[in-house]
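> Chains A and B supply the protein sequences, listed in that same order. Going by the numbering used here, the first residue of the first sequence is number 1, and it counts up by one from there. Going by the numbering used here, the first residue of the second sequence is number 1001, and it counts up by one from there. Quick reminder that beta carbons are idealized off the backbone N, C-alpha and C, glycines included. Structure below; questions to follow.
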Amino acid sequence: MTDFDWNLLLSMDWPEIGAATLDTLTMLGVSLLATVALGLPLGVLLYVTAPGQLRARPRLYAVLSFLVNVLRSLPFVILLIVLIPLTLLLVGTSIGVAGAIVPLVVGAVPFFGRLVENVLREVDRGVIEASQAMGARLPQIVLKVLLPEALPGLIGAATVTAVALVGYTAMSGVIGGGGLGDLAVRYGYQRFQTEVMVVTVALLLVLVQLLQSAGDRLVRRCRFD
Amino acid sequence: MIQVRDLTKHYSHHGRRVAALELVSLRIDAGSIFGIIGRSGAGKSTLIRCLNLLERPDSGEVRIGDDALTAYSERQLQQRRQRIGMVFQHFNLLRSRTVAANVRFPLELAGELDAAQMDARVDELLALVGLQDHQHKRPAQLSGGQKQRVGIARALANHPDVLLCDEATSALDPETTDSILALLADINRQLRLTIVLITHDMRVIRQLCDEVAVLDHGRVVEQGRVIDVLLQPQHAVTQSLLAETGFGQGALQGQWRERISTPVLKLTFVGEPALQPVLDKVGRETGLRVNLLAGTLSEIKATPFGQLLAGVVASDVAVSALPDIFAREGVRCEVL
């Protein structure tokens, strides 16, 4: 790398990169919160309505499960475009940070919901049976047994989802979503400024690393042994 | 009192209907310890889960005291279950909670006490099972016996009138099993609590229970006081369960039975006679001389008993007269 021109780094528009990073963090934070807020109930619903489970509703489960699969099988880029009318309806714009959040959430909720369902299935049936034997009602089982017992797994699922969302935020740059992905597309791709591309990729990488290690640390702290 | 009438439950297994319970009827006295024994697959587990309706029977009735549980709605059942304790083979503690918080859990579910009252009740229960020093630990840091003590404390939290034990000692080593059985006996005495347990281990029945029902292929094949069933088992399943624990007459079913040509007496001593030299006394009076073939000396729920198999070598009286003579000494004698 002897021919690397360090002046390029100095000549780059750092304030813009900083703003883009902040945009990415905003999109990530807001969409992650919304994803957990919507995906957790979805995952619980999938879990309790599955055949043989606490409130087995096989037909409802089949419908939900099908919808989740449909949304998960759509490539995110396509989802971005398909959702433009909905995004306009909900937030009034389909571009920028605000415009990206709707497709991000719609893309991530089914993903996170399915992860939550799987994590809940790992909760010991015996513990659930014991709480039923003690007279627990379904909301009590969900709030006092399922979610606390599954907490490490749920944090793990949220971490995986956050990392996936970082990728999605970058992709949303393609349709003018804002943030680091947008920067990479506009400078790195359209104006052939490879160094901007390299810096954005490096920043995304650091972000993913930070998210993963923070998630791992949280999981370790709340393990039960 | 718990009354179970004509309980029937079927499962469909690969499209076939399999009977888990077939017209099971039981009467369990309040304050007694009732054991249900059977091999795996006999339906024990289904039966005990039908007592608190964790599993709904296809037909039949379960009454605890005056409460006809089988007629209850799900909501009523949830309410009633708070006063039916249950203890599990694999403890089923919440891993996310400390020992104290596990015991507190059913109190939170019931929602009848304020925080201070719950804490006081938790302390009381932990003292009862001897775990005061471990209250801040998590289940993962406890031994099997300690986990089961937490399970028992938790089951007793809401002052139940019935305690159901689902193979409560099957995952424990023999020494720990003894201490848990002693704890259950203690609780039964102190709290006048009815205990219903299922097990595949005859030792549990012998050490703890007042009455026993033997379950085989979903049916009750034998039922009665433990001392009667253990000493005079009628059904082949009971006999084989007893033989496995080296108890009773199992030895005589061996090949060598054919090599003994003399009459064989089976002598059963229960209670006081087990502590007296009855055989010696009868021998002096009747000239009876015996060849001891097999014997057990043990106790059933603190009642001493003995059982001897003796070949008659010589006797001044007719062998057929011996049962009456032994009966006068309080010993049951059968000529085999």
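Judging by CA-CA distance, which residue of Val1162/B, Ile1205/B, Pro1174/B and Gly1330/B is the nearest neighbour of Leu1193/B?
Taking only the C-alpha atoms, the option nearest Leu1193/B is Val1162/B.
> Three or more beta-carbon pairs under 8 angstroms between the region 1116-1130 of chain B and the region 105-119 of chain A, yes or no?
No: fewer than three Cβ pairs fall under 8 angstroms.
> Applying the criterion that 16 or more other CB atoms from any shown protein chain within 10 Å of the CB defines a buried residue, is Ile155/A buried or exposed?
Buried, since its Cβ has 16 or more Cβ neighbours within 10 Å.
> Output yes or no for whether 8 angstroms exceeds the beta carbon distance between Thr1303/B and Gly1271/B.
In this structure, Gly1271/B lies closer than 8 angstroms to Thr1303/B by Cβ.
> Which same chain residues end up closer than 6 angstroms to Ala50/A when comparing Cβ atoms and leaving out the 5 residues on each side of it in sequence?
If we look at Ala50/A and ignore the five residues flanking it on each side, its Cβ neighbours are Tyr61.
> Between the C-alpha atoms of Leu89/A and Leu83/A, what's the straight-line distance to the nearest angstrom?
The alpha-carbon atoms of Leu89/A and Leu83/A are separated by roughly 10 angstroms.
> With a cut-off of 8 angstroms, does the C-beta of Gln947/B fall near any C-beta of chain A?
No answer is possible for residue 947/B: the residues shown for chain B start at 1001 and end at 1336.
> Please determine, among Leu1279/B, Leu1069/B, Ser1012/B and Pro1263/B, the residue with the shortest C-alpha to C-alpha distance to Phe1269/B.
Nearest option by C-alpha distance: Leu1279/B.
> So which residues of chain B does Glu122/A contact, with C-beta pairs closer than 9 angstroms?
Residues of chain B passing the Cβ test: none, with the nearest at roughly 12 angstroms.
> So, is Lys1281/B buried or exposed, given that buried needs 16 or more other C-beta atoms within 10 angstroms?
Exposed, by the Cβ-count rule.
> Residues of chain B with CB under 7 angstroms from Arg137/A, in chain order?
Within 7 angstroms Cβ-Cβ: Gln1078.
> Expressed to the nearest angstrom, what Euclidean distance is found between the alpha-carbon atoms of Ala1263/B and Leu1336/B?
One detail in the question is off: residue 1263/B reads as Pro in this sequence, not Ala. Whole-angstrom Cα-Cα distance: 7 angstroms.
> Please report whether the beta-carbon of Arg1081/B lies at a distance below 8 angstroms from any beta-carbon of chain A.
Taking Cβ atoms only, chain A reaches closer than 8 angstroms to Arg1081/B, which makes this a yes.
> Quick check on this structure: which residue in His1013/B, Ala1157/B, Ile1260/B and Val1313/B has the alpha carbon closest to the alpha carbon of Gln1082/B?
If we check each option's Cα against that of Gln1082/B, Ala1157/B comes out closest.
> Compute the Euclidean distance between the alpha carbons of Ala20/A and Leu180/A, then round it to the nearest angstrom.
Near 5 angstroms, if we compare the C-alpha coordinates of Leu180/A and Ala20/A.
> Rounding to the nearest angstrom, what Cα-Cα distance links Gly1218/B and Arg1080/B in this structure?
Taking the straight line joining both Cα atoms gives about 26 angstroms.
> By how many angstroms is the C-alpha of Phe112/A removed from the C-alpha of Asn69/A?
Roughly 12 angstroms between the two C-alpha positions.
> Which residues in chain A have a C-beta closer than 7 angstroms to the C-beta of Arg1095/B? List them in chain order.
Residues of chain A passing the Cβ test: Glu149 and Phe224.
> List the residues of chain B whose Cβ lies closer than 7 angstroms to the Cβ of Ala133/A, in chain order.
Correct list: Asn1052, Leu1054, Arg1081 and Met1086.
> Can you give me the Cβ contacts of Val142/A inside the same chain, cut-off strictly under 7 angstroms, excluding the 5 residues immediately before and after it?
Once the five neighbours on either side are set aside, the close Cβ partners of Val142/A are Val44.
> If we count the other Cβ atoms within 10 Å of its Cβ and call it buried at 16 or more, is Thr194/A buried or exposed?
Answer is exposed; the Cβ neighbour count stays below 16.
> Taking the straight line between their C-alpha atoms, what separation do you get for Val91/A and Ile101/A?
Those two C-alpha atoms are separated by around 9 angstroms.
> Looking only at C-alpha atoms, which of Pro139/A, Ser11/A, Arg72/A and Val123/A sits nearest to Gly153/A?
Considering only alpha carbons, the answer is Val123/A.
> Among Gln1234/B, Leu1021/B, Leu1275/B and Leu1293/B, whose alpha-carbon lies nearest the alpha-carbon of Arg1259/B?
Closest option to Arg1259/B, Cα to Cα, is Leu1293/B.
> Using the rule of at least 16 other Cβ atoms within 10 Å of the residue's Cβ for burial, across every protein chain shown, is Asn1052/B buried or exposed?
Buried: at least 16 other Cβ atoms inside 10 Å.
> Mind checking who Ile1300/B pairs with in its DSSP beta bridge?
Thr1303/B, per the DSSP bridge assignment.
> Using a Cβ-Cβ cut-off of 8 angstroms, state whether Gln140/A counts as contacting chain B.
Yes, because at least one Cβ of chain B sits closer than 8 angstroms to the Cβ of Gln140/A.
> At 3 residues or longer, what runs of the beta strand (DSSP E) sit wholly inside the region 1138-1166 of chain B?
Runs of the beta strand (DSSP E) inside the region 1138-1166 of chain B: 1162-1166.
> From the beta carbon of Val127/A, is the nearest beta carbon of chain B less than 8 angstroms away?
Judged by the 8 angstroms Cβ criterion, Val127/A is in contact with chain B.
> Expressed to the nearest angstrom, what Euclidean distance is found between the alpha-carbon atoms of Ala184/A and Leu86/A?
One C-alpha to the other measures close to 26 angstroms.
> Count the other CB atoms, across all protein chains shown, that sit within 10 Å of the CB of Gln1146/B; report buried if there are 16 or more and exposed otherwise.
So Gln1146/B counts as buried.
> Can you list, in chain order, the residues of its chain with a C-beta nearer than 7 angstroms to that of Leu8/A? Leave out the 5 residues immediately preceding and following it.
Excluding sequence neighbours, Leu8/A sits near Glu195.
> The beta strand (DSSP E) spanning Gly177/A covers which residue range?
No beta strand (DSSP E) holds Gly177/A; DSSP gives it neither H nor E.
> Say whether chain B places a C-beta atom closer than 8 angstroms to the C-beta of Val145/A.
Val145/A counts as touching chain B.
> Find the residues of chain A that neighbour Glu1343/B, judging by a C-beta separation of less than 9 angstroms, and give them in chain order.
Shown here, chain B extends from 1001 to 1336; a query on residue 1343/B therefore has no answer.
> Name the chain A residues whose beta carbon is nearer than 8 angstroms to that of Arg1138/B?
Going along chain A in sequence order, the residues near Arg1138/B (Cβ under 8 angstroms) are Phe224 and Asp225.
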